[in-house]
Each structure stands twice: as C-alpha cells, then as structure tokens.
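When the count follows the numbering used here, it moves up by one through the first sequence with no breaks and lands on 796 for the last residue. A quick write-up on the structure given underneath.
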Amino acid sequence: MRPVAAGSASRGCEHARDRGAEHAPIGASAFVYDCPAMTDATVLSHALDDLATPYRTDTCGDLRAGDAGREARLAGWVHRRRDHGHLIFLDLRDRHGITQVVVDAHESPEAHAVASRVRPEFVVTAAGVVARRLPGMENPALATGESELRARELQVLSEAKTPPFYINDPDAPIDESVRLRYRYLDIRREPMRDRLLLRSNLVRAIRDAHHRAGFVEIETPILIKSTPEGARDFIVPSRLQPGTVYALPQSPQQLKQLLMVAGMDRYFQIARCFRDEDLRGDRQPEFTQLDLEMSFVREQTVMDFVEAMAIEVSRTVVPDRPLQSVPFPRFTYEEALERFGSDKPDVRFGMELVDLAPALGADRAAGAGATGFRVFDDVLASGGRIKGIVAPGLGGATRREIDDLAETARRYGAKGLVHVSVDEDGVAHSSVAKFLGEERLRSLVVAAAAGPGDLLLIVADRPEVTADVLGRLRRDLGERLGLADPNVLAYCWVFRFPMYQWDAENVRWDATHNPFSGVVPEDEPLLVTASGDPYRPSPEDPAGRARAMQYDIALNGWELGGGSVRIHRRELLERSFALQGYSAERMHDLFGGILEAFDFGAPPHGGIALGIDRWAALLSRQTNIREVMAFPKTSSGADLMLDAPAAPDPAQYAELGLRFVGDREEMQAAWVAESHVPGPIGDDVLPTPVEDRGKESRPDDGPATHTSGPAS
RNA sequence: GGACCCGUGGUGUAGCGGCCCAACAUGCCAGCCUGUCACGCUGGAGAUCGCCGGUUCGAAUCCGGUCGGGUCCGCCA
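Encoded structure:
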C-alpha cells in the first residue's frame with residue numbers, strides 16, 4: 085500500500101524559524117490511505133514490519149539500486165543540504181540511515197522552492213521516483229549510496245532552530261554538559277544512536293536467551309521497604325501514611341528470593357536499581373541490572389548458565405569481537421588476588437604479580453636481617469608479602485615517571501614503591517641495590533623474569549595492601565602501555581570469596597557480599613564463634629576462615645556482576661546473621677518477611693545480578709556508562725535536561741506532612757549528639773547512623789553498576 | 001568529605017599582564033552556482049572571555065571565593 089498526500093497548505097506555520105527566513109506557510113500534512121480494505125493481517129504486518137505510514141513508504145536506510153523506478157516517500161531530518169542553484173541535494177536522515185534526495189528546479193519548481201528554504205534538522209517528507217545514481221556519482225559511504233530519491237514533492241513537517249552543536253558530525257567533540265542539556269539532539273547523532281541500538285540488541289539477546297532457557301520474567305515493585313544494606317537508600321514519603329517512607333530498591337534481592345519460595349523456579353528481570361551514593365563514570369544513582377535467580381541449583385549451575393548466556397549474547401550483539409577464552413577462566417578469590425591483585429582482573433594481558441620473597445632468601449632465614457633491607461625484613465617478619473610486577477619496556481623510565489608511579493602507589497595505600505630497572509644490556513639498577521647486594525638484585529630480576537629494558541616494581545606490605553596496590557598498578561600500566569587488546573572480550577569468573585570480613589569498629593563479622601550468601605558445605609562447621617556465644621563474635625572466630633558460595637563475573641577488568649547460592653535454611657541463616665551482628669529481634673525487624681517465608685518451604689536457590697549499563701558500555705568500547713544511557717545524570721546527580729532535582733511545590737510538602745528545615749550538617753550533628761550511636765550487639769531499635777553506612781553488608785548480588793569500575 | 005583538571009562568539013580551540021572593544025576553524029545569515037555528498041565562491045553578523053571580589057596605571061590573562069562540568073581517592077562490596 086502506498087500513502088498519498090492529500091491537501092497541502094491548510095494551516096499556517098506557527099513557529100517562525102529564528103533566523104527569520106521568509107517563507108510561505110507550510111501545511112500540516114493530511115494523509116489518507118489509498119487502500120481502504122486493509123485486512124487484519126495487513127494491518128499487523130504493516131505495523132510490525134514496514135514502518136510504512138502515510139508519511140513514508142520506506143525508511144532512509146532502505147533504498148537500493150534495485151528500487152530504481154518505483155515510487156517512494158521518505159520522512160526524516162535534513163542532515164545536510166547542498167545547494168547548487170537549480171539543483172539541491174538534501175541528505176535525509178532517520179535512525180535507519182541517510183538517503184540523498186535530489187530536488188531539480190526543472191522537474192519540480194514547487195519542491196525546489198521548499199528545498200531552498202529548508203535548513204538542517206528540519207523534519208520533511210519527500211516523495212518521488214527512486215533513481216539509480218548516475219555512473220560515478222555513487223556514494224560508497226552510504227548504504228543507500230547507489231540510489232537517490234528524485235523529489236517530485238517536498239513538505240516541511242517541522243522547522244528547527246539551529247541546533248546548539250553539530251548533529252551531522254559524529255566526531256565533533258562537544259562539552260558533555262551541553263550534550264546532556266540537549267540529550268534528545270545528542271541521541272540524534274550517530275554515536276549515541278548506535279550505542280542505544282546496541283544496548284537494545286543486548287537486552288533483547290538477554291531476554292531471548294532467558295526465555296529459551298525457561299526463565300520467567302517478573303517485575304518487582306519500585307516502592308519497597310528500606311533495608312539496612314550497603315548503600316544509602318532513596319526514600320519516598322508516603323501520603324497515605326504520613327511520617328512513613330518507602331525506599332527504592334537497591335536491587336530486587338529479597339524479592340527474587342521470595343519468588344523462589346513462591347516456586348517460580350527460574351526468574352529474571354531487567355531491573356532498575358537505585359543507590360544514593362556518589363557518582364562515578366561507572367556509577368549512576370539509578371542503573372539497570374540483569375537480575376536472575378534459580379531454584380535447585382549449585383554454584384556450577386548458575387555459573388554455567390550465565391556463562392553460556394554471556395557467550396551467546398556477546399556473539400549476537402558484537403559478532404566481530406573475539407572472546408578471549410571459552411570457557412571463561414575461573415579463579416578462586418585467593419588465586420585472583422595472588423596472580424592479579426584484583427578480584428576483577430583484566431585477563432587480556434599477563435603482567436602477573438610475582439612473589440619475590442623466595443628470591444630474597446626469605447625462605448632460608450625468615451626474620452630480621454634476612455634480606456639486608458630493613459623494610460623488606462620487617463614486612464616479612466610481620467607476615468607481609470613482597471611482590472612485584474614487570475612493566476615491559478619501562479626500564480628507561482625517567483626519574484619523574486618513576487616518582488609518579490611511587491606517588492600513585494602511595495595514593496593506593498602502599499608505604500612506598502621499590503623499583504629495579506633493567507637496562508638494555510641486562511644490568512639491573514635500583515636505589516635499594518646497596519642494601520640487597522648485587523646477587524639478590526639479580527635473583528629478583530630472574531624471579532620476576534624481567535628482561536632488558538623492563539622495569540620491576542615491588543611493593544612490600546601487609547598481604548592485602550601488596551595485592552591491592554600492585555593490582556591497581558598493573559591495571560594502570562596495562563592501560564598506559566597498551567597491553568590490553570581493546571577489541572577482545574575477556575570474561576572471567578572469581579569465586580570462593582571469604583564469607584566475612586572482620587569489622588573492628590562494630591565488633592562483628594561483615595558479609596563480604598550479601599548477607600544471604602551461602603557457605604560452602606564443608607565450611608559450615610566454621611560458622612561459630614570462638615567464645616561459643618553466637619552473639620559474641622571476635623576476630624579469632626573460625627567464621628573468619630569460612631568461604632562463601634559466591635561468584636563474581638568480570639569483563640576486561642570491570643566487575644560485571646556477582647551472585648551466590650543462598651542460605652535457604654533458617655537455622656543456618658540465623659547463625660550467619662548472628663555473626664554479622666544482628667540480634668534475633670533486629671533480624672526479625674529487618675528481614676522478617678523473608679525469614680518468615682523461609683519457614684514455609686524454601687528451595688535451595690542461587691542467582692546473580694549483572695550490570696547492564698556496564699555491559700553495554702564495554703560492548704560499545706566505552707569507559708563511561710553515561711554513554712549508553714539515554715538520559716543520565718551528572719556527577720552531582722543532576723539531570724541537566726529536565727533540571728532535576730528541583731524543590732517541590734510547598735503544597736506537596738504539606739500533603740505529606742513534611743517541612744524542609746535545612747542545613748544537613750547541623751541536623752546530622754544534632755542527631756548523633758542524641759547518642760544515636762549504634763550500640764554493639766542487641767541494638768535492635770536504631771538504624772545505623774549515616775556516618776556508619778557502608779559498614780553494613782552488601783545488599784545483594786552484583787553491583788554491578790554501582791561498584792568501583794575500571795578503577796578498582 | 002578530599003585531590004586534581006576544565007569553563008573565551010552556536011560548537012571546538014588559540015590567546016595566559018598592555019600588541020586583544022579578542023584570533024582561527026566550523027556553524028549561522030545573505031547572494032551566486034545543474035551532479036554534489038564535510039559541494040564551491042563572495043560578502044556579512046556574532047563573544048565585555050562562567051559569576052563575584054581583589055591585586056595592578058592596566059586583567060580573558062595574576063590571586064581569592066563561588067557556580068557548573070569532568071576525573072580520581074573515600075564512599076558504593
């Protein structure tokens with residue numbers, strides 16, 4: 085069917101273009117279908133397939149040389165205009181592509197008159213005959229470049245002010261705040277358009293894979309109850325019950341577990357999550373997770389499914405990008421830290437951490453004086469680690485560059501950074517050579533496998549500091565030295581996280597991940613305290629050695645997601661919660677709903693959550709999730725387009741029984757002064773004060789978008 | 001909460017004590033042009049240099065503050 089334009093100028097144009105061009109009024113188009121007898125089937129196919137409407141028969145990405153000779157009507161934005169006097173070329177753009185429209189004064193004086201006053205970003209519709217371009221006039225840069233539309237008729241559907249930045253130049257650098265202010269124009273540009281289309285493909289591929297695997301897609305509420313979790317909640321005051329609030333979910337964690345109790349077996353959701361924390365390139369206050377949960381599974385089951393799903397999704401969405409390794413490497417937490425200094429390692433390159441203690445003779449005589457270098461000896465004597473990484477080709481680094489690295493290491497928490505540079509002749513040089521002696525220096529170089537022209541960087545500190553600092557340096561240097569192939573997708577798993585970390589300040593064990601995470605079966609007996617009283621945890625408790633059935637998935641050094649097999653037995657859950665410092669009463673207060681549910685027959689279950697924004701960003705080769713979000717917020721949480729947040733209408737306050745009293749600092753000081761400080765165990769009344777937020781355990785799976793990003 | 005970077009016609013940059021009532025590119029406006037595709041040519045308009053204060057004979061330029069944007073640390077696990 086082909087639409088026909090009926091009537092033309094019927095109504096004057098209300099919005100004169102600001103540049104004041106003189107022109108005749110443009111008619112609001114009134115179109116009619118020329119096929120009165122559309123069947124249901126044609127209506128459906130028309131609606132689903134064609135995108136054909138009275139305004140257009142084809143999109144701007146459709147026409148090919150083979151269409152030459154037929155009639156077509158296109159609608160879109162004027163991308164560019166090339167005016168040759170009696171001949172005007174219009175590049176007409178929609179999200180599908182660009183098609184050249186030729187307007188010839190001799191063929192259609194009316195259309196030419198319209199084309200003369202058309203400007204970039206005007207919305208127009210053009211009808212005419214599709215023509216094969218003259219030989220030699222094809223444009224190979226365009227998919228439609230062998231054809232063109234010879235306009236017989238041209239109508240302006242909307243005029244446009246001159247846009248604040250170039251829409252027709254995909255490479256033009258534009259200040260991000262301007263892009264955000266006019267995001268709808270930014271999205272018209274090719275890069276943003278392509279990324280949003282990629283993201284749409286990503287989500288579709290995810291849905292396909294899940295539905296095929298028998299998952300049920302279920303939505304969970306956005307207005308829920310505040311739970312004492314890792315991040316600060318956004319809260320929404322209730323009008324019907326003044327003085328109370330809803331919280332926005334940091335993730336659907338508890339709800340998805342309840343769906344398992346409900347027997348839904350395999351659940352997933354593309355879920356919006358909210359966390360009121362400071363923003364980063366990889367963190368927005370609202371972000372999207374792929375949230376899933378499965379019943380009757382073990383760690384392997386979940387990891388295997390997610391891995392297969394991730395492989396399929398990657399190959400569907402970015403078929404040109406190679407997966408570094410299939411199946412994905414799986415590291416224990418311990419191994420990941422040992423080899424990469426990170427629980428989300430970028431495994432696109434080596435540069436692994438090397439234990440240098442043996443090379444220093446530490447195995448022969450541990451303790452003071454063993455290495456000849458006081459700093460190293462002290463570290464070894466106190467149970468610390470001496471490890472290093474080799475930066476290839478940095479042996480000739482200047483003093484300044486090395487100082488910068490040392491400064492970076494200190495910023496990351498190291499006390500210092502020892503370096504050994506190997507010159508082109510293979511001779512090692514170091515400021516600590518006089519302490520270690522030539523022999524030890526050489527054995528360090530050998531142990532680290534540093535070659536001529538390399539730089540060996542050494543950190544000696546507590547085990548976790550050594551790993552963390554070297555892990556971050558490894559990441560920084562990998563980036564700087566271009567060791568990571570930007571085209572490759574390197575997924576990997578990290579599992580067997582410790583169950584708890586000791587929280588000295590609050591005298592309790594802190595779940596490293598999720599308070600519901602299960603313990604590996606053989607470590608179940610470890611979930612006890614040294615004192616015997618489950619409510620008196622101490623750093624010496626066996627619980628500190630317990631390992632969790634928890635797994636994270638990383639992609640190119642970003643944490644993509646994390647999850648666990650949960651504790652589904654109430655008795656074990658209570659033991660775990662007691663270690664985490666929750667009294668029976670407080671536990672009931674905070675997790676009453678889910679605990680009660682567990683009394684009604686909870687299946688063994690586990691799941692994971694993956695950050696969709698991060699995934700989309702990585703697949704789009706972006707380092708910032710704002711680039712894959714249609715309408716993101718600035719680092720101060722502002723929406724520059726809608727100007728949010730904004731002060732509410734006083735009437736809205738009144739209706740909610742609220743009043744703004746100002747001055748956050750004063751309020752907080754007063755609040756703390758009222759001794760609202762968390763008591764140790766058994767304080768089941770008061771919430772954690774603001775200052776102590778974050779010491780609480782992690783709310784849920786993955787983090788995904790709300791965790792530290794490319795930086796760890 | 002802390003550190004650092006940026007803010008100059010619409011956009012991107014240059015200028016970093018007087019040579020600047022600010023330069024270049026592009027965009028914009030007008031005119032010309034029948035095969036261009038970042039069309040071309042000619043002419044024109046457009047910024048008191050984010051804002052406030054200070055130093056100075058003199059400030060886009062130096063200093064302080066403030067606002068906005070970004071990056072990192074903390075935070076978010």
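Glycine residues also receive a C-beta, built at the ideal position from the N, C-alpha and C atoms.
Practice task
Check whether the region 358–366 touches the region 303–321, taking contact to mean three or more Cβ pairs, one atom from each stretch, closer than 8 Å.
Solution key: yes
Practice task
Return the chain-ordered list of same chain residues with a C-beta closer than 8 Å to the C-beta of VAL438, the five sequence neighbours on each side being excluded.
Solution key: LYS471, GLY472, ILE473, VAL474, ALA531, ALA532 and ALA533
Problem - Inter-residue Cα distance where the pair is ARG236 and GLN736 - result: 55 Å
Practice task
Could you pull the start and end residues of the alpha helix (DSSP H) that TYR268 belongs to?
Solution key: 267–272
Handout entry: Euclidean distance between Cα positions of LEU610 and ARG650
Key = Rounded to the nearest angstrom, the two C-alpha atoms are 17 Å apart.
Practice task
Give me whichever residues DSSP pairs with VAL240 in a beta bridge.
Solution key: VAL208
Handout entry: Option nearest PHE830 by Cα separation, candidates LYS245, ALA714, PRO547 and ALA297
Key = Not covered by the structure: residue 830. The range shown for the chain is 85 to 796.
Handout entry: Collapsed DSSP secondary structure at MET713 in the structure displayed
Key = coil
Practice task
Kindly list the residues whose CB is nearer than 7 Å to the CB of LEU307, restricted to its own chain and excluding five residues on each side of it in sequence; keep chain order.
Solution key: VAL320 and TYR330
Handout entry: Expected contact under 8 Å - CB spacing of ALA355 and GLN373 to nearest Å
Key = 5 Å
Problem - DSSP beta-bridge partners of LEU233 - result: VAL185 and VAL214
Problem - Pairwise C-alpha distance: GLY468 and ALA551 - result: 11 Å
Problem - Proximity to GLN427 [Cα-Cα], best of LEU703, VAL511, LYS499 and GLU548 - result: Reading off the sequence, residue 427 comes out as Asp, not Gln. That would be GLU548, whose Cα lies nearest to the Cα of ASP427.
Handout entry: PRO773 burial status per 10 Å Cβ neighbour count (16 or more: buried)
Key = Note that PRO773 scores 34 on pLDDT, short of 50, meaning its location in the model is unreliable and no value can be drawn from it.
Handout entry: Continuous beta strand (DSSP E) assignments of at least 3 residues falling wholly in the region 457–505
Key = Complete beta strand (DSSP E) runs here, min 3: 469–475.
Problem - Beta-carbon gap between GLY665 and ARG620 smaller than 7 Å - result: The answer is no: Cβ separation not under 7 Å.
Exercise for the section: Could you tell me whether the Cβ atoms of PRO688 and PHE352 are closer together than 7 Å? Expected result: no
Problem - Helix, strand or coil at GLN373 [DSSP, three-state] - result: strand
Exercise for the section: Just grab the DSSP bridge partners of PHE358 for me. Expected result: GLU370
Exercise for the section: With a cut-off of 8 Å on the beta carbons, I'd call VAL553 and ALA498 a contact; round off their distance for me. Expected result: Distance from VAL553 to ALA498 at the Cβ level is roughly 4 Å; contact confirmed, criterion being Cβ atoms closer than 8 Å.
Handout entry: Contacting residues, own chain, Cβ-Cβ under 8 Å from THR228 (five flanking each side not counted)
Key = CYS144, GLY145, ASP146, LEU147, ARG148, GLY181, ILE182, THR183 and GLN184
Practice task
Can you tell me which of the three DSSP states ASP253 falls into?
Solution key: Look at ASP253 here: in three-state DSSP terms it is coil, with no helix or strand label.
Practice task
Would you tell me roughly how many angstroms separate the C-alpha atoms of THR492 and LEU557, rounded to the nearest one?
Solution key: 8 Å
Practice task
Would you mind sorting MET583 into buried or exposed? The rule is 16 or more other CB atoms within 10 Å of its CB.
Solution key: Label assigned to MET583: buried.
Exercise for the section: Using three-state DSSP, classify GLU396 as helix, strand or coil. Expected result: Three-state DSSP puts GLU396 in a helix.
Practice task
Can you give me the Cβ contacts of GLU230 inside the same chain, cut-off strictly under 7 Å, excluding the 5 residues immediately before and after it?
Solution key: ARG148, ALA149, ARG216, ARG217 and GLU222
Exercise for the section: State the Cα-Cα distance for the pair LYS245 and PRO224, rounded to the nearest angstrom. Expected result: 31 Å
Handout entry: Three-state secondary structure assigned by DSSP to ASP767
Key = Interpretation of ASP767 is limited by its pLDDT of 34, a score under 50 that renders its predicted location unreliable; no figure is taken from the coordinates.
Handout entry: Where TYR575 sits in the DSSP three-state scheme
Key = Strand at TYR575.
Exercise for the section: Buried or exposed for GLU243, please, with buried defined as at least 16 other CB atoms from any protein chain shown within 10 angstroms of its CB. Expected result: Taking all protein chains shown into account, GLU243 has 16 or more neighbouring C-beta atoms within 10 Å of its C-beta and is therefore buried.
Handout entry: Residues bridged to GLY510 (per DSSP)
Key = Answer by DSSP bridge pairing: none, since GLY510 is not bridged.
Problem - Residue range of the unbroken beta strand (DSSP E) whose run includes GLN634 - result: Looking at the DSSP string, the run of the beta strand (DSSP E) that includes GLN634 is 634–639.
Problem - Residue from HIS503, ARG546, SER515 and VAL401 whose Cα sits closest to the Cα of ASP461 - result: ARG546
Practice task
Identify, in the order they occur along the chain, each residue of the same chain with its Cβ nearer than 7 Å to the Cβ of ARG654, setting aside the five sequence neighbours on each side.
Solution key: LEU679, PHE682 and ASP683
Handout entry: Check whether LEU573 and LEU407 have beta carbons under 7 Å apart
Key = yes
Exercise for the section: Report the partner residues of PHE352 according to the DSSP bridge assignment. Expected result: GLU301 and LEU376
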